[in-house]
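Here the structure comes first, spelled out in structure tokens, and everything after it is commentary.
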Amino acid sequence: MPPKDFQKTLLEAIQEGLSSLGDSPKQAILFHLENTFKIKLEEIPTKPAQFQKALETLFGPGAPYLEQLILEKLYNKLDLNFNGHRTEQTDFSNNIENLKQRILMGDA
């Protein structure tokens with residue numbers, strides 16, 4: 008899978024994960040990401056750690072739930088089994104980077 012395709016798939020998963028909160032909350036989150044954290048939606052695939060920190064700031068202890076939801080949607084889009092990748096030792100951005108490497112190297 009080309010890197011651009013992975014980024015597009017990741018963006019779709021992020022949008023679907025945020026949409027699960029409702030359209031108005033999704034728009035509010037995207038607004039705060041861009042205006043407060045200076046992260047545009049299309050930049051998230053290249054800035055997963057910054058996105059993770061923004062979610063943690065916005066949602067506090069609720070952030071891991073949203074992160075897991077996004078990861079689950081991403082794994083489903085890539086036809087991968089997500090259950091085997093749940094681990095508290097790997098945070099959201101590391102999980103994204105590890106998955107990206109696996110996909111780009113064809114190990115998924």
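At position 96 of the sequence shown (counting the first as 1) the number is 103 in the numbering used here, and the numbers step up by one without a gap.
Using N, Cα and C, we set each Cβ at its ideal position, and we do this for glycine too.
As the structure is a computational prediction, the values presented were derived from the model and not from experiment.
- At least 7 Å separates the beta-carbon of alanine 61 from that of serine 100.
- In the same chain as leucine 25, and ignoring 5 residues on each side of it, the C-beta atoms closer than 6 Å to its own belong to Lys33 and Ile36, in chain order.
- Two segments are said to touch when three or more pairs of C-beta atoms, one from each, lie closer than 8 Å; by this definition the segment 15 to 29 touches the segment 62 to 79.
- Its Cα nearest to that of asparagine 83, the residue Ala20 stands out among Gln14, Met8 and Ala20.
- In the same chain as histidine 39, and ignoring 5 residues on each side of it, the C-beta atoms closer than 8 Å to its own belong to Ala61 and Leu65, in chain order.
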